[in-house]
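Structure first, commentary second.
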Amino acid sequence: MNANDFTYVCSECGHTFPIAPGIMVCEHCAAYQQADRPLRGVLDVAFTGEVRGSWDPLHLLLVEREFFPGIPVGHTPLWDVGAIVGRTRQSALTEHPHLFIKDDTLNPTASLKDRASFLVAAFARKHGIQDVVVASTGNAASSMAGVGAAAGLRVTLFVPKSAPRAKLVQSLQYGARVIPVDGNYDRAYELSLEYSRRFGYLSRNTAYNPLTIEGKKTVALEIYQQLGCAPDYVFVPVGDGVILSGVYKGFCDLVRLGLISRVPTVYAVQAQGSDAIAQAFRRGGFLPIHAHTVADSISVDVPRNGYHAVKQLLTYAGRCVTVSDEAILHAQHLLASSIGLFAEPSAAASLAGFLASQSDIPAEATVVLLVTGSGLKDIDSAARLVSLPDRAISRIEEID
Ligand SMILES: *Cc1c(COP(=O)(O)O)cnc(C)c1O
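The numbering used here applies: residue 883 is where the sequence shown begins, and numbers increase by one.
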């Protein structure tokens, strides 16, 4: 890579900005920011470089290789579902023979968020910044804490009081400073920004820091490398819409490099109780909602990257599908019991979205489901669809 190959471009007005630590959103569009609405002026990274011969995803990122921490983020396996289920077993998973799962539960902190934290950590190191601050209800926090620990950074987390316990404990194990906020995620978001601005720390807030989108594009680059081509369909669980934009960004880079001819059809999968992006896609315009779903990582009232995500869905003929909590929990159990992949509910949503859309997808199509976080992150939800044994035995005659 060459640092001159990268600039920021506003996803709304097209203004360009240099890549620098203090630059986060487009100052022109941010002037129109309203409360309770998605972020205005989210920045994309424009990449004008070339690749020759063999390349890896790091070549397409704006920080030099030497600044990335040694923790092994990414390069996660692509599961060939047909090969695992086999031809003889009848299952909802065998109707499409070219069905793959990108298993991002196998990142170091057990979620796809590590891809963003990895680039943010490298950027901080390149610029001599020692402190990173993030507001999050869960995976972004534990991810920044873990990747930050490996990178030798100090990580401060602003978390709403109600944040899930497992993700908090995980963050504390990594040594992060956790600041509980008396209020919701929005309040934690505001306070974290005020704090990072006051002390000159780097904010990793999702969508606000453009590197959160850019870092997540590596998942699309890896899918292309693992398949040897672009898939026809990709199913992405969507909350704030940052993973969705990262997936689009990766495929757009591949189109620009001439490696693929078109961007795949992306399905944005949302929970019925947290469907702000799906609503805006259908109707135009965002209305505040009160999200409620078992899938906590995709439960958001105001999707931070909403405008940008909807614009990309419209530009590339993407689709939205919403699924019930029941369908999500069913998909979680199907994944675990039929191929041995234990995903958190938000991550299993992509399978639920696929099952709901299966009849619209040609049988020969290549389909990739993104599975974004581990089931061990939220045991209480996973426990809802299984029955824990309530009686212990002392002799085998007692087994019924
Ligand atoms: C964050 C997250 C999502 C949703 O990503 P957005 O960028 O908020 O749309 C999905 N699944 C898991 C496990 C996550 O942690």
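Don't be surprised by glycine CBs; every beta carbon is placed ideally from N, CA and C.
Looking only at its own chain, which residues have a Cβ that is under 6 Å from the Cβ of S1024, when we skip the five neighbours before and after it?
Same-chain partners within the cutoff: T991, K1049, Q1052 and S1053.
Given a cut-off of 8 Å, decide if L988 and V963 are closer than it, judged by their beta-carbon atoms.
Cβ atoms of V963 and L988: not closer than 8 Å.
When every heavy atom of ligand 1 is checked, does at least one fall within less than 7 Å of the C-beta of T1088?
Because some heavy atom of ligand 1 lies under 7 Å away, the Cβ of T1088 counts as near it: yes.
In terms of alpha-carbon separation, which member of A1003, R1164 and V1016 lies closest to A1189?
Here the sequence assigns Tyr to residue 1189, which means Ala is not the residue at that position. Nearest option by C-alpha distance: R1164.
Kindly identify the DSSP beta-bridge partner or partners of K984.
Per DSSP, L960 and L1252.
Would a C-beta distance cut-off of 8 Å place A1017 and F1000 closer than the cut-off?
Not in contact: A1017 and F1000 (Cβ atoms no closer than 8 Å).
Put A974 into one of helix, strand or coil per three-state DSSP.
Coil at A974, not helix or strand.
Within 10 angstroms of its Cβ, does Q916 collect 16 or more other Cβ (buried), or is it exposed?
Exposed is the call here.
With DSSP as the reference, label V1016 as helix, strand or coil.
Reduced to three states, the DSSP call for V1016 is strand.
Quick check: is any heavy atom of ligand 1 less than 7 Å from the C-beta of V1041?
Because no heavy atom of ligand 1 lies under 7 Å away, the Cβ of V1041 does not count as near it: no.
Which term fits R1080, buried or exposed, when burial requires 16 or more other beta carbons within 10 angstroms of its beta carbon?
Flag for R1080 reads exposed.
Helix, strand or coil: which one does DSSP assign to S893?
In the structure shown, S893 sits in coil (DSSP, three-state: anything other than H, G, I, E or B).
Give me the Cα-Cα distance between E1072 and G1010, rounded to the nearest whole angstrom.
Looking at the two C-alpha atoms, the distance is approximately 25 Å.
Which partner residues of Q1152 appear in the DSSP bridge assignment?
T1204, per the DSSP bridge assignment.
What is the C-beta distance between S1206 and Q1154, in whole angstroms, given that I count them as a contact (C-beta under 8 Å)?
Indeed, because the Cβ distance is near 5 Å, the residues count as touching under 8 Å.
Out of curiosity, what's the CA-to-CA distance linking L975 and V1037?
Between L975 and V1037, the C-alpha separation is close to 41 Å.
Decide if N884 is buried, meaning its Cβ has at least 16 other Cβ atoms within 10 Å, or exposed.
That one is exposed.
Would you give the residue range spanned by the beta strand (DSSP E) that Y1115 belongs to?
Taken as a continuous stretch (DSSP letters only), the beta strand (DSSP E) holding Y1115 covers Y1115 to P1119.
Comparing the CB of I1261 with every heavy atom of ligand 1, is any distance shorter than 7 Å?
I1261: no, Cβ never under 7 Å from ligand 1.
Please determine whether the Cβ atom of G1255 lies at a distance below 7 Å from any heavy atom of ligand 1.
Correct: G1255 has its Cβ closer than 7 Å to ligand 1.
If G1020 sits next to P1046, beta carbons under 8 Å apart, how far is it from one beta carbon to the other, in whole angstroms?
Yes, they are in contact, since the Cβ atoms of G1020 and P1046 sit about 6 Å apart, within 8 Å.
Which of the three DSSP states is assigned to L1039 in this structure?
Correct three-state label for L1039: strand.
Ignore the nearest five residues each way along the sequence and tell me which others in L1267's own chain have a CB closer than 8 Å to its CB.
Correct list, in chain order: L1211, H1212, Q1214 and H1215.
For I1281, I'd like the list of residues in its chain whose CB is within less than 8 Å of its CB, leaving aside the five on either flank, ordered along the chain.
Cβ within range, chain order: I1275.
Tell me, please, which residues DSSP counts as bridged to V927.
Bridge partners of V927: Y890.
Alpha carbons only, please: which of W961, A1004 and A1022 is nearest the one belonging to A1032?
Of the listed residues, the one whose Cα sits closest to A1032 is A1004.
Near V1182, which residues of its chain fall below 8 Å by C-beta distance, leaving aside the five closest residues on each side in sequence?
Cβ within range, chain order: Y1067, G1121, D1122, S1156, A1158 and A1173.
Rounded to the nearest angstrom, what separates S1127 and A1191 at their Cα positions?
Cα to Cα, the separation comes out at about 6 Å.
Quick check: Y1198 and V1145, are their CB atoms within less than 8 Å of each other?
Yes. Within cutoff.
Return the first residue and the last residue of the alpha helix (DSSP H) that P869 is part of.
It is not possible to answer for residue 869, since the shown part of the chain is limited to 883 through 1282.
Kindly indicate the opening and closing residues of the alpha helix (DSSP H) around R1069.
Counting along the chain, the alpha helix (DSSP H) containing R1069 begins and ends at Y1067 to F1081.
Quick check on C1111: buried or exposed, where buried means 16 or more other Cβ atoms within 10 Å of its Cβ?
Per the 10 Å Cβ criterion, exposed.
Kindly identify the DSSP beta-bridge partner or partners of N1093.
In the sequence on display, residue 1093 carries Leu and not Asn. Answer is none; L1093 lacks a bridge partner.
Go ahead and label G968 buried or exposed: buried means 16 or more other beta carbons lie within 10 angstroms of its beta carbon, across all protein chains shown.
The residue is exposed, with fewer than 16 neighbouring Cβ atoms inside 10 Å.
Between S1074 and A1238, what straight-line distance do the alpha-carbon atoms span, to the nearest angstrom?
Taking the straight line joining both Cα atoms gives about 38 Å.
With DSSP as the reference, label P903 as helix, strand or coil.
In this structure, P903 counts as coil in the three-state DSSP scheme.
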